[in-house]
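>
Protein chains in written order, with this note's numbering: chain C, 1 to 296; chain Y, 1 to 507.
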């Protein structure tokens, strides 16, 4: 931009830096406090933001180890944090895999095949996606209660049921993958068809290898939303060892049983890897968000 | 070999699915749900058709995905809608036939006709010896005691019978008690007795017998229970409801209640207002901060923008349930770090969780913190698309940065932002997670029949009615969520209209 810069411009840059740094300081302060709290002895504020003595007790508990308390008593971990994290990873990973499988085949049909009411199918899928599942929790509960009467491993209080419930949310993934398929020239598959490949072979051996990036993106998006999901998990799983992290973490902060320091360590331990995955995926997320948004 | 396998694998998979499905339908049918069983079989038939008929080839790719959407998105909506017209709740969990069966399964042991019993081994099996109060003796043939129901006749001992072995000790008796309880012994006088303790068998009778008109007659005192199909209870002659109740249709009763029951509609109106205020202010605050940051992030004179952007993005990257709980701890009134700081700096100690206004303020602060990075991302993309010559022209005209922002940037991003802001409003309108995890809707209104919170939004209130402290009234909760559902539909329609006019006009 060929614009003559005046003197006030420089001050504005400095002011912007100061403003940004203090704003970032303010927004990230909770995490710095969390870090300090996780090393502070005891579960209640002792009046210091920077702990004068470092204690690893909270970290030991969140890693599932016991430690010697001040009165010589052995203190056992209250909550299976690592178990919850593993439950979350298991449920989110499997549901993301199933969602990927279902949405890829659907997207292929929508992008490449002809059938009746194609446009209507797609629009209704997108509309359905707009409604938050939290509105139909009673319906979801009733369905899985019924399923559980015949197949207990897919009913209430099972990870199978939770995974199944998450696979319904594939409409957005179908749209994302379909958009990507449409950027790949159909001539490549047609060439494979001329060479005698079936539609499935063209899909499996030509289109899928070329779409690996978008499949990765959709998997990560589905995985993250599975980890973060709270409402459905809170009604479908009940017993302590079956909980996902999103539902279980809440228990640290019950007023009757306040475990602030333990929560801090557990939150950092489990939150860091998820945040890391999210930050890596953010580049695709941004393009996905804005593209999806602009299409309305 | 490999080709053969790849040809056989789909066939085997399909047969496996069909077999499992048939087995399941049989189970469903045997449990009395014949309608569900028939639809299951019909669904299996459709599956076979889609995966074998050449005409349905294209649908093979769609089928699994559409089934998942049908089962876990559309079906819950339909069920939710229909439950809104029933009294399904913790007091009315069973269906009518299940509740009836419950009453018919009730038994009682008759007083005054107990028989002492002893257990005698006979090889690997056992024989039971009963002695009535008048001294008459009955013996069963040898029984294998497994945990299954057994019906057996007992006869008085006949002369010439082999004598019984010595009775087992108490320990063996206790080990076999569970199996013994399942043994029903028919005596020659027509009485049927079951184990009523470690030493006794007693006559067991059905408590209720179903009469021809559908009422249940109590065999002990002759009382008559009649089903009340409007209230969902069996009632005795005095009109008292007997537990358990059953699910029955109540028509529009819940909807009428929502509108006309003042105990329900007054807190509901306040919750609705707060929901709109919360969603609106959350969007306004997050957008205001987001758009300023986006302008800064697009300012080429600013060095280190890449680093700033990552740091500003972090609140969005941390899983929501973790950061909300972090704030819950930090805002804690007694031991939270925020009050610790405020106490040191200003000597104040705000009651974030017990004062309704402060609790609402806290919700808005946390939600703005969670939401501004998303707004920043959206605005950054839109601002980047504004042609640079507009700013050059305004610089030549001598305009400052504020004029640029209000006269160029804001008007140009306003139009494409509108549908996104409405979506954000709709999202926050239904933002269950932040309310559930941060305040749980509390502090509650005083003096309401069903607990309702001052910070509850509509969805969290519905959740409380269905799954928490407010009586597990699934029916009412479903009716309420149907109403919210219609509001969301309305919002989406408005949004679609706006975004349509936006895209049809050349930008």
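Cβ coordinates follow ideal geometry from the N, Cα and C atoms, glycine included.
To the nearest angstrom, how far is the alpha carbon of residue 171(C) from that of residue 455(Y)?
In the first chain, counting from the first residue as 1, residue 171(C) sits at position 171. In the second chain, counting from the first residue as 1, residue 455(Y) sits at position 455. Straight through space, the alpha carbons of residue 455(Y) and residue 171(C) are spaced by roughly 32 Å.
> May I ask you to report which of helix, strand or coil DSSP gives residue 181(Y)?
The count along the second chain starts at 1 and reaches residue 181(Y) at position 181. If DSSP states are grouped into helix, strand and coil, residue 181(Y) belongs with coil.
> Can you grab the Cα-Cα spacing for the pair residue 103(C) / residue 49(Y), in whole Å?
The count along the first chain starts at 1 and reaches residue 103(C) at position 103. The count along the second chain starts at 1 and reaches residue 49(Y) at position 49. Rounded to whole angstroms, residue 103(C) to residue 49(Y) spans 21 Å at the Cα level.
> Taking Cβ to Cβ, would you say residue 426(Y) is nearer than 9 Å to residue 282(Y)?
Here the question's residue 426(Y) lines up with position 426 in the second chain. Here the question's residue 282(Y) lines up with position 282 in the second chain. Result no, Cβ atoms of residue 426(Y) and residue 282(Y) do not sit closer than 9 Å.
> Quick one: measure Cβ to Cβ for residue 263(C) and residue 329(Y), integer angstroms, because I've assumed they're closer than 8 Å.
By one-based count along the first chain, residue 263(C) stands at place 263. By one-based count along the second chain, residue 329(Y) stands at place 329. Yes, they are in contact, since the Cβ atoms of residue 263(C) and residue 329(Y) sit about 6 Å apart, within 8 Å.
> Quick check: what's the CA-CA separation for residue 65(C) versus residue 239(Y)?
Looking up residue 65(C) in the first chain gives position 65. Looking up residue 239(Y) in the second chain gives position 239. When the Cα atoms are used, residue 65(C) and residue 239(Y) turn out to be separated by approximately 59 Å.
> Quick one: what's got a C-beta closer than 7 Å to residue 452(Y)'s C-beta in the same chain, skipping five residues either side?
For this step, residue 452(Y) is matched to residue 452 along the second chain. Cβ neighbours of residue 452(Y) beyond the five flanking positions: 267, 271, 444, 445, 461.
> Are the CB atoms of residue 227(Y) and residue 278(C) nearer to each other than 9 Å?
By one-based count along the second chain, residue 227(Y) stands at place 227. By one-based count along the first chain, residue 278(C) stands at place 278. Against a cut-off of 9 Å, the Cβ pair of residue 278(C) and residue 227(Y) comes out as no contact.
> When the Cα atoms are used, what is the spatial distance from residue 265(C) to residue 442(Y)?
What you label residue 265(C) is simply residue 265 of the first chain in a count that begins at 1. What you label residue 442(Y) is simply residue 442 of the second chain in a count that begins at 1. Using only the alpha carbons, I get a separation of about 27 Å.
> Drop a sphere of 10 angstroms on the beta-carbon of residue 234(C), count the other beta-carbons inside from all chains shown, and report buried for 16 or more, exposed for fewer.
Your numbering for residue 234(C) matches position 234 in the first chain. With 16 or more Cβ atoms within 10 Å of its Cβ, residue 234(C) is classed as buried.
> Quick one: residues in its chain with C-beta nearer than 7 Å to the C-beta of residue 316(Y), no 5 flanking neighbours on either side, listed in chain order?
Indexing the second chain from 1 puts residue 316(Y) at position 316. These residues qualify, in order along the chain: 373, 374.
> Quick one: any contact between the stretch 223-241 of chain C and the stretch 85-104 of chain C, if contact means 3 or more CB pairs under 8 Å?
Touching, yes.
> In chain order, what residues of the same chain lie with their CB nearer than 7 Å to the CB of residue 34(C), ignoring the 5 residues before and after it?
For the purposes of this step, residue 34(C) is identified with residue 34 of the first chain, where counting begins at 1. So the qualifying residues of the chain are 264, 267, 268.
> Taking all protein chains shown into account, decide if residue 422(Y) is buried (16 or more other Cβ within 10 angstroms of its Cβ) or exposed.
Here residue 422(Y) corresponds to residue number 422 of the second chain, with the count starting at 1. When all chains shown are included, residue 422(Y) counts as buried.
> Is DSSP giving residue 118(Y) helix, strand or coil here?
In the second chain, counting from the first residue as 1, residue 118(Y) sits at position 118. Strand, per DSSP.
> Would a C-beta distance cut-off of 9 Å place residue 16(C) and residue 410(Y) closer than the cut-off?
On the first chain, residue 16(C) is found 16 positions in, with the first residue counted as 1. On the second chain, residue 410(Y) is found 410 positions in, with the first residue counted as 1. Going by C-beta atoms, residue 16(C) is not nearer than 9 Å to residue 410(Y).
> Would you check if there are 3 or more beta carbon pairs closer than 8 Å linking the stretch 474-490 of chain Y to the stretch 392-409 of chain Y?
Touching, no, given that fewer than three Cβ pairs across the two stretches are closer than 8 Å.
> When DSSP labels each residue in this structure, what does residue 80(Y) get in the three-state scheme?
Here the question's residue 80(Y) lines up with position 80 in the second chain. Reduced to three states, the DSSP call for residue 80(Y) is helix.
> Suppose you measure from the CA of residue 8(Y) to the CA of residue 53(Y); what does that come to, to the nearest Å?
In the second chain, the residue the question calls residue 8(Y) occupies position 8. In the second chain, the residue the question calls residue 53(Y) occupies position 53. Going from the Cα of residue 8(Y) to the Cα of residue 53(Y) covers about 17 Å.
> Of the choices 91(Y), 58(Y), 75(Y), whose alpha-carbon is the least far from that of residue 199(C)?
Here residue 199(C) corresponds to residue number 199 of the first chain, with the count starting at 1. It is 58(Y).
> Helix, strand or coil: how does DSSP classify residue 417(Y) here?
Position 417 of the second chain, counted from the first residue, corresponds to residue 417(Y). In the structure shown, residue 417(Y) adopts helical secondary structure according to DSSP, grouped into three states.
> How is residue 375(Y) classed by DSSP in three states: helix, strand or coil?
Start at 1 with the first residue of the second chain, and residue 375(Y) comes out as number 375. The answer is helix: DSSP assigns residue 375(Y) an H, G or I state.
> Would you mind sorting residue 163(C) into buried or exposed? The rule is 16 or more other CB atoms within 10 Å of its CB.
Indexing the first chain from 1 puts residue 163(C) at position 163. Classification of residue 163(C): buried, given that the 10 Å Cβ count is 16 or more.
> Between the stretch 211-221 of chain C and the stretch 282-297 of chain Y, can you find at least three pairs of beta-carbon atoms closer than 8 Å?
no
> Identify the contact partners of residue 492(Y) in chain C, using a Cβ-Cβ distance below 8 Å as the criterion.
On the second chain, position 492 is the one that residue 492(Y) refers to. Within chain C, the residues near residue 492(Y) are 127, 130.
> Taking Cβ positions only, does residue 12(C) come closer than 9 Å to chain Y?
Numbered from its first residue, the first chain carries residue 12(C) at position 12. Yes, because at least one Cβ of chain Y sits closer than 9 Å to the Cβ of residue 12(C).
> List the residues of chain C that residue 328(Y) touches, going by C-beta distances under 8 Å, in chain order.
Your numbering for residue 328(Y) matches position 328 in the second chain. For a Cβ distance threshold of 8 Å, residue set 253 of chain C lies close to residue 328(Y), ordered along the chain.
> Could you check if residue 174(Y) is buried or exposed, using at least 16 other CB atoms within 10 Å of its CB as the buried criterion?
In the second chain, counting from the first residue as 1, residue 174(Y) sits at position 174. Residue 174(Y) is exposed by the Cβ-count criterion.
> Straight-line CA distance for residue 507(Y) to residue 415(Y)?
Here the question's residue 507(Y) lines up with position 507 in the second chain. Here the question's residue 415(Y) lines up with position 415 in the second chain. For residue 507(Y), the pLDDT reaches just 36, beneath the cut-off of 50, and the residue's location in the model is therefore unreliable, although a value from the coordinates is still provided. C-alpha separation (whole angstroms): 9 Å.
> Roughly how far, in whole angstroms, is the beta-carbon of residue 157(Y) from the beta-carbon of residue 137(Y), given that I think they are within contact range, below 8 Å?
Walking along the second chain from the start, residue 157(Y) turns up at place 157. Walking along the second chain from the start, residue 137(Y) turns up at place 137. About 6 Å separates the two Cβ atoms, so the contact holds.
> What residue range is occupied by the uninterrupted alpha helix (DSSP H) comprising residue 173(Y)?
The sequence position of residue 173(Y) within the second chain is 173, counting from 1. Start and end: 170-175.
> Nearest CA to the CA of residue 121(C): which residue from 231(C), 134(C), 132(C), 107(C)?
Within the first chain, numbered from 1, the residue matching residue 121(C) stands at position 121. Comparing Cα-Cα distances from residue 121(C) to each of 231(C), 134(C), 132(C), 107(C), the minimum goes to 107(C).
> Under the rule that 16 or more other beta-carbon atoms within 10 Å means buried, what is residue 13(Y), buried or exposed?
To locate residue 13(Y), count along the second chain from 1; it is residue 13. Answer is exposed; the Cβ neighbour count stays below 16.
> At which residues does the beta strand (DSSP E) containing residue 109(Y) begin and terminate?
Position 109 of the second chain, counting from 1, holds the residue named residue 109(Y). From DSSP, the beta strand (DSSP E) with residue 109(Y) extends over 107-109.
> Taking 9 Å as the threshold (C-beta atoms), are residue 135(C) and residue 430(Y) in contact?
Numbered from 1 along the second chain, position 430 holds the residue referred to as residue 430(Y). Numbered from 1 along the first chain, position 135 holds the residue referred to as residue 135(C). Contact flag set, yes.
> Leaving out five residues on either side along the sequence, give the residues of the same chain with a beta carbon under 7 Å from the beta carbon of residue 121(Y).
Position 121 of the second chain holds residue 121(Y). Once the five neighbours on either side are set aside, the close Cβ partners of residue 121(Y) are 165, 168.
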